[in-house]
Each structure stands twice: as structure tokens, then as C-alpha cells.
Amino acid sequence: MSLLHLAIVSPLLFAIFIPFFYKYFRQIHTGWFLLPLPILLFSYFISYLPETKANGAVSRTLSWIPSFGIDFTARVDGLGLLFALLITGIGALVVLYSIYYLSKEKEKLNTFYVYLLLFMGAMLGVVLSDNLIVMYAFWELTSFSSFLLIGYWYHREKSRYGAQKSMMITVLGGLAMLGGIILLYLMTGTFSISEIVPMASEIMEKPYFVPALLCFLLGAFTKSAQFPFHIWLPDAMEAPTPVSAYLHSATMVKAGIYLVARMSPVFAESGIWLWLVASFGIVTLFWGSFSAVKQTDLKGILAFSTISQLGLIMSLLGVGAAALHYDTVEDSLYTIATTAAVFHLINHATFKGSLFMVVGIVDHETGTRDIRKLGGLMSFMPITFTLAMIGAFSMAGLPPFNGFLSKEMFFTGMVNILEVDIFNLDTWGILFPVLAWIASVFTFIYSMVLVFKTFTGKFQPEKLDKKPHEAPFGMLISPIILASLVVIIGFFPNILSSTIIAPALGVIMPGLVFDVHISFWHGFTPELFMTLGVIAFGVLLYTTLDKWRQIYDLFPEKLALNRFYDGGIEGMQTFSSNLTRTYMNGFIRTYLVYIFTFFILLLGTTLVWKNAFKLSTNDLSSIGFYEVLLALIIAAASISILFAKSRLTSIILLGAVGYTVALFFVLFRAPDLALTQLVIETVSVSLFLLCFYHLPKLKRNEERIRFKAVNLAVSIGVGAIVTLIALSAHSNKLVESIAGYYVENTYKEAAGKNMVNVILVDFRGFDTMFEICVLGIAALGIFAMIKLRLARRNEG
């Protein structure tokens with residue numbers, strides 16, 4: 002394993018030690034034990050800057066399943082490095098913030114930090130995996146770990162609901178993405194992204210191209226909360242604030258953005274990709290900003306603002322796809338859009354991360370996030386107010402902060418779309434700058450609401466649970482660092498131009514060389530007047546907010562997307578319950594009738610339809626006296642079970658059948674199978690006898706003749722079908738028996754002399770492992786049910 006692989010999985014390995022540290026060092030906050038890891042990882046990934054700055058990439062391969070083309074290939078290029086630095090850098094600040102936010106006396110810190118490390122490792126795996134299957138595995142691990150983090154306060158109903166909702170929607174998108182990965186493999190014959198990118202022009206001609214494109218976008222849109230899949234993100238705000246600052250501002254919700262950026266070289270030459278990514282992004286931008294204004298919970302405002310900002314970045318990536326239709330950078334008006342997307346990705350992580358931490362401080366020090374109860378906190382929390390103002394003004398796109406620069410570039414990208422004559426952008430493209438400007442007005446409004454409704458106005462101490470005061474310095478360090486970056490990047494944006502932004506652009510739009518230069522002043526351009534208009538209308542609408550806010554009441558509640566989601570989940574549960582009640586009556590024999598009837602119909606129909614039944618007496622050995630005798634014993638014991646008057650007699654007869662089968666193996670010179678059969682039969686009979694006391698008595702007088710007739714028909718049918726299949730399998734030898742392969746290779750390949758054991762452990766290793774897993778899961782389920790039953794009995 003290379004150092005790069007170790008860096009990716011180190012959070013997962015480190016998570017193993019968290020419970021031990023928590024158990025034996027309870028006097029120390031567990032966060033201090035964890036904090037050095039993301040700092041070291043951030044420092045390690047910075048060392049790759051010289052390589053990526055030269056448009057290079059570092060790749061390391063760890064063989065996994067080479068026969069299927071699945072290897073753990075870690076690749077650090079400009080795009081992957083950008084996200085790795087965000088994941089580890091913001092991760093370090095979040096861990097430091099959580100040390101002061103989460104009490105070691107009141108919270109189960111061991112589980113929190115284990116979940117956090119699982120998520121950190123999963124995100125690193127997503128952005129640094131070159132193999133699509135490996136990336137998908139990490140992708141689903143992000144969904145699982147975020148489910149655990151969102152539901153960390155599982156005793157709260159809203160936390161459980163938000164965790165389930167995020168899991169349902171993001172996993173659905175992940176499964177769609179898996180379908181896209183498989184379709185892409187069918188078109189290219191490889192899972193390697195770096196190998197797929199050069200085949201982009203060939204893939205466009207394949208019939209699976211559009212379905213694969215749609216599957217990837219469904220995965221990206223659900224993960225990055227694009228309309229109409231955005232509904233999970235506001236409910237995910239029930240997680241602790243450090244989780245929100247990490248998952249929902251800088252990392253998890255950016256995974257969909259990363260996927261679109263990573264797969265742009267493969268799909269972006271299609272007009273379908275451009276229109277879908279840009280359209281969903283701009284609609285999400287508008288709807289998120291419009292919905293944020295009506296929120297009264299500070300986290301609710303940030304949730305919808307995150308949705309809006311993600312839509313902004315997504316729309317820029319969609320519009321920027323037009324650049325791939327030009328021969329050089331100079332011919333394209335759209336490299337500015339992709340540059341703005343990458344730049345705003347960084348800016349959003351800084352100002353939104355700081356704002357989430359500020360909201361956490363307000364909640365921590367006042368006991369509420371409801372802006373209707375807040376106000377006048379500026380004099381009590383001056384540092385927090387300053388941090389909030391920097392973050393909110395940057396989010397609103399005001400100078401001199403970094404958000405102003407990327408917002409100006411955003412306007413430029415949207416205006417330039419009118420000058421492109423492909424995919425009908427010169428006509429319908431007018432919608433993009435219009436919606437962008439309207440959404441920016443609402444962005445300005447909710448940014449002002451966030452700051453001034455919280456820190457200015459009338460102080461209402463009677464509505465607060467705590468007496469407000471400034472947060473401890475330790476809790477302020479992380480948001481101060483992020484707010485400082487907002488200001489520094491605003492004044493010196495080009496410190497990132499050649500080191501971070503240009504290398505990432507080189508990956509999104511391969512083959513182009515970028516000379517990124519960002520500046521405040523571009524003259525009196527349409528973008529400048531759009532910004533002045535945003536400020537003017539934003540101030541007007543903010544000052545008159547109470548007069549027009551009633552327009553939100555005009556939207557019918559029945560058409561809310563959350564109602565559709567809740568109704569859909571409830572409808573599926575009702576349908577499933579009703580359907581289950583039609584065939585689940587509590588009798589195992591009834592379920593066996595269903596299973597065996599389907600078995601007879603399916604296999605019998607297949608035999609007839611395929612004309613597969615054949616009978617050949619060739620290669621049959623002679624039947625000896627002892628074999629006939631054992632067969633008669635088995636038949637007699639089996640028939641006798643039907644007429645047994647007690648369960649004890651039935652168990653003894655059933656055991657006789659099993660032990661007789663073992664004698665068959667002895668006759669066939671398979672002592673190992675005979676021994677296995679004897680052990681299994683002994684254990685089975687013993688378990689039956691142990692449970693004998695709890696079994697109900699036989700009541701044959703209550704059984705009806707019709708039920709016996711059904712049992713008879715089904716049992717005869719199963720026996721007949723199995724016999725016909727066995728005879729047909731013997732008579733239809735389409736391929737050479739595999740027995741010779743095992744005879745030849747058992748000792749040579751596996752160094753084992755017991756052929757059956759070698760087949761089970763080596764040749765069928767995965768099958769055996771999964772069987773053991775199933776048995777383990779069943780055992781855990783039985784154990785849980787027994788514990789629950791005992792718990793209820795004790796409570797009673």
C-alpha cells in the first residue's frame with residue numbers, strides 16, 4: 002500500500018482507536034486525539050501542489066479484483082487535490098470547533114468522531130479514486146456515514162426523520178449512478194476515469210450514452226441537493242452544527258458538484274448535458290434563494306442558501322460545458338463560467354463554513370436559532386457579529402470579500418451565454434441571466450436577514466433560554482480563520498489562480514491551457530450594473546420585507562415537495578402492509594406452499610418451453626442391494642413422518658432420514674461428506690429436541706382434507722420437478738464436467754488434499770464468506786429479538 006492509499010484510508014483506520022481513547026482517557030476531550038490527523042493530511046496533500054500546478058497527476062494503483070478491472074487506483078490531479086484540501090482543511094477546523102461545541106460530559110463523543118472519520122475517509126476516497134467502482138463504494142459510504150451523523154441525536158424524532166430522508170434520496174441517486182457506471186463500462190470496457198476521458202468522442206455515438214449521462218446526473222443532483230431533490234438538505238440541519246458546517250457547506254453536498262466536474266470531459270460535448278446541468282442549476286439557485294427568505298430558523302436560512310449556492314455552481318459548470326465546443330480558449334466565452342464555478346466552490350466553503358459556526362455559537366450561547374426571538378446581540382457578541390457580517394456580505398456578493406469576485410464572474414458567465422449560437426442558447430439562453438439576477442436579489446435579502454435580524458434591533462431577553470455572551474475563544478478560532486480567508490482571498494484572489502484554480506480547470510476541460518487572472522475592476526460592464534441593481538432592489542425589498550412576505554402564503558401547501566415525499570413514503574408503507582397481509586398469515590407451511598408452487602411453475606414451464614427434458618441411460622452405474630435398501634428406508638421414514646402422532650416421533654424419523662443419507666455418502670466413498678452430514682444431522686436433531694418443550698402440540702383433528710391435498714400435490718410436484726431436472730442434467734452434458742479441473746488443481750493451486758474443503762474455502766471462498774455473513778446476520782437478529790423480548794418481560 003502506497004503512502005497515498007494510506008492517506009485516503011487513514012481516517013477509517015484511525016476510527017478504530019477512537020473508542021479506546023474515549024474509554025481510557027475520559028478526562029480529555031476526544032477531539033484533541035483526532036485533531037492532528039486532518040492537519041497532517043492537509044499538510045501531506047499540499048505537497049502535491051507543485052505536481053498539479055504543472056498540469057500533472059500522481060497515480061498509485063493497489064490491485065484489488067484485476068480480473069474484473071477493479072483496482073484501487075488513487076489519482077491526485079488538480080480537481081482531486083482541490084477537494085482533498087477542502088475535506089482535510091475544513092475538517093481540521095470543524096474538529097477544533099467541535100471540541101468546544103460538544104460537551105464531553107453530555108455527548109457520546111466516541112460515536113460522533115467515529116462517524117466523522119468514516120465520512121472524512123469516504124469523501125477522500127470519492128475525490129481521489131480513478132476507478133469508478135471504487136469511487137461508487139466510497140460514494141455510498143458517504144451516504145451511510147452522513148446518515149449516522151445527521152441522526153447523531155437519535156432520541157430526537159426530527160433527527161431520525163432527517164437522517165432517513167437524506168439516506169433514501171441520496172442512495173437512490175447512488176444506485177442510478179451505479180447503473181451509469183455499468184453502462185459506461187459496456188461502452189468503454191474499463192472503469193478507469195483517466196482511460197475513459199480520451200474515448201469521449203467515440204462514446205457519444207453509442208446507444209447507451211444518453212442513459213449513462215442521465216444516471217450520472219441523477220446521482221449528482223441527489224447528492225448536491227438540486228431541485229427537486231433538495232428537500233433532504235433542510236431536514237438534515239437537525240444534525241449538530243459541526244456536522245452541518247462540514248457536510249453541508251464544504252464536503253458532502255459538493256460531491257455531486259465534483260461528479261459533474263469530473264465527468265464533464267466525458268459528457269459535456271452533448272447538448273443534453275449542457276442544458277440539464279445548467280437548467281437544474283439555475284432553477285435550484287432561484288428556488289433556494291427564494292425559499293431562504295421566508296425561513297425563521299437560522300439553520301433553515303443557511304440550508305436553503307446552501308441549496309441556492311450549489312445551484313449557482315452547478316449552473317456555471319453547465320454553461321461552462323460550451324467551452325468544449327471551441328478549439329481554443331480565446332475562441333470560447335465560457336471558460337470564465339467554469340473558472341467562476343471552481344473559484345466560487347472555494348469561496349462558498351469559506352464563508353458558509355464560518356456562517357454555520359456563527360449560527361452554532363448563537364444557538365449555543367442563547368439557546369435558540371429562531372430569528373423572531375433574537376435581536377440586539379451585537380453588543381453582547383461583537384466578535385460573532387463581525388464574523389457573521391463578513392460571511393453574510395461575502396455570500397451576498399458585496400465587496401471587498403471573495404464572494405463578490407466569484408459573483409461578478411458568475412454574472413459574466415451568464416451574460417456571455419447570449420453570444421453563443423449552439424444548442425439554441427442564443428434564444429432560450431436569455432432565461433439564465435434573468436433568473437441569475439433575480440436569485441441574486443433574494444440572496445442579498447436573506448444575507449441581510451441573517452445578520453441584522455439576529456444582531457441588531459430590539460433585544461428580547463425574555464424569549465431566550467440563556468443570557469447571551471460572547472463565545473469562548475476556542476469556539477471562535479475556526480470561524481475567525483475562515484472569515485480571514487474570506488477577506489484575504491477577496492484582496493489577493495490570485496494566490497489561488499495558478500496553484501489551485503488553473504490545475505482544476507485543466508482537469509475539467511482537458512487540452513486547454515489556462516492563465517487565470519482575477520481582479521476587482523473590469524470597467525463599466527453589464528455585470529457591474531447588475532450588481533448595483535441587486536444592491537438597490539435588495540435594500541428596497543429588505544426594508545419592506547414585512548409588506549410583501551405574505552406572498553409565500555399564496556403557495557398551496559398541498560403542492561409542497563415535502564408533502565409528495567411524505568405521501569409517497571406513507572403510500573408505499575400502506576401498500577406494502579396491505580399486500581403483506583394478503584399472504585402473510587403466520588403459518589410457515591403456508592409460505593412453503595407459496596415458495597414450492599412458484600418453484601414448480603417456474604422450472605416446469607422452463608423445461609417445457611425450452612424442450613429441455615431428456616432421458617439417457619448412458620454412463621449409469623449399476624444399482625446395488627444396499628443402495629436399494631437405503632432408498633427404501635428413506636422412503637419409509639419420510640412417509641411415516643406424515644402419520645406420526647407426536648412431534649418427538651417426527652423428529653426421530655426425520656433424523657433417521659438424515660443419517661441414512663450419510664450412509665449413502667459412505668457407499669459412494671465420500672467419508673468427508675458423510676462426516677459433515679452426520680454432524681449437521683446431529684446438531685439439527687439436538688436443536689429440535691432443545692426446542693421440543695416450546696413447540697405446540699399436534700392437532701390433527703383441526704386440519705382439513707383440502708389442506709392435506711394441497712400439501713400432497715405440492716410435495717409430489719417438487720419431487721417430480723427435481724427428479725426431472727436431475728435426469729435432464731445428466732442426459733444433457735453440454736460441457737465437460739468440472740470435476741476434472743478440481744482433481745487436477747486442488748493440490749496444485751490450493752495446496753490442499755481434501756477436495757471438498759478446498760472447494761468450499763478456496764474455489765468458493767466468496768460464496769462461503771457470504772453464507773457465513775448471512776448466518777451471522779441471522780444470529781444477530783435472533784439475539785436482538787430475544788433481548789427485546791426479555792426487556793419487555795422485565796418492564797412488565
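Last residue of the sequence shown? That's 797 in the working numbering, and every number before it is there in order.
Ideal Cβ positions, reconstructed from N, Cα and C, are used throughout, including at glycine.
This structure is a prediction, so every number in the text was calculated from the model and none was measured.
Taken through DSSP and simplified to helix, strand or coil, Trp65 comes out as strand. The stretch 174-210 is shown to contain whole alpha helix (DSSP H) runs of 4 or more residues at 194-197, 201-204, in chain order. Looking at Thr74, Thr53, Leu286, the one whose alpha-carbon comes closest to that of Leu63 is Thr74. Cβ-Cβ distances below 8 Å link Gly659 to Gln678, Ile681, Glu682, Ser685, Val686 in the same chain, with the five nearest sequence neighbours on each side left out; the list follows chain order.
In the three-state reduction of the DSSP assignment, Ser130 falls in the strand class.
For the alpha helix (DSSP H) assignment, the uninterrupted runs of no fewer than 4 residues enclosed by the stretch 738-788 are, from N- to C-terminal side, 740-751, 756-759. In the DSSP assignment, Ala657 falls outside any beta strand (DSSP E) and lies within the alpha helix (DSSP H) extending over 648-668. Taken in chain order, the complete alpha helix (DSSP H) segments of 4 residues or longer contained in the stretch 232-260 are 233-236, 242-248. In this structure, Ser99 is the residue among Tyr259, Phe614, Ser99, Phe344 with its C-alpha nearest to the C-alpha of Phe474. The beta carbons of Leu234 and Ala304 sit closer together than 9 Å. Of the candidates Gly321, Ile384, Phe21, Leu187, the residue whose Cα lies closest to the Cα of Ala472 is Ile384. Under the three-state reduction of DSSP output, Val363 falls in the helix class.
Taking a contact to require three or more Cβ pairs closer than 8 Å, the stretch 509-527 and the stretch 348-361 do not qualify as touching. Residues of the same chain with a CB within less than 8 Å of the CB of Val711, apart from the 5 flanking positions on each side, are Val594 in chain order.
Rounded to whole angstroms, the Cβ separation of Leu465 and Gly368 is 6 Å, and the two are in contact under 8 Å. Between the beta-carbon of Leu150 and that of Leu248 there is about 7 Å, and that keeps the pair under the 8 Å contact cut.
In the assembly as shown, Met382 is a buried residue. Its beta-carbon has 16 or more other beta-carbons within 10 Å. Residue His470 holds the alpha-carbon nearest to the alpha-carbon of Ser380 among His470, Asp236, Ser485, Val59. Per the coordinates, the alpha-carbon of Phe689 lies some 52 Å from the alpha-carbon of His30. Here the stretch 549-559 makes no contact with the stretch 440-460; the two share fewer than three CB pairs at distances below 8 Å. Within the DSSP secondary-structure output, Thr74 pairs in a beta bridge with Thr62. For Ser225 against Gly257, the beta-carbon gap comes to about 3 Å, under 8 Å, which counts as contact. Around the beta-carbon of Gln574, fewer than 16 other beta-carbon atoms lie within 10 Å, marking it exposed. For Gln310, the enclosing alpha helix (DSSP H) covers residues 299-321. With respect to the C-alpha of Leu110, the residue from Ala251, Gln28, Gly181 having the closest C-alpha is Gln28. With contact defined as three or more Cβ pairs closer than 8 Å, the stretch 472-491 and the stretch 358-375 are in contact. Under a 10 Å Cβ-count criterion, Ser306 is classified as buried, with 16 or more other Cβ atoms of the shown protein chains found around its own Cβ.
Asp371 is bridged by DSSP to Asp298.
Where Asp567 is concerned, the enclosing alpha helix (DSSP H) starts and stops at 562-584. Boundaries of the alpha helix (DSSP H) around Lys454: 432-456. In the structure shown, Thr545 falls within a coil segment according to DSSP collapsed to helix, strand and coil.
The beta carbon of Pro12 sits closer than 6 Å to the beta carbons of Leu118, Met121, Gly122 from its chain, once the five residues preceding and following it are set aside; these are given in chain order. For Pro383, the enclosing alpha helix (DSSP H) begins and ends at 383-397. Glu558 has its alpha-carbon roughly 16 Å from the corresponding atom of Phe291.
The shortest CA-to-CA distance from Val629 to any of Thr618, Leu616, Phe665 is the one to Phe665.
DSSP, read as helix, strand or coil, puts Asp554 in helix.
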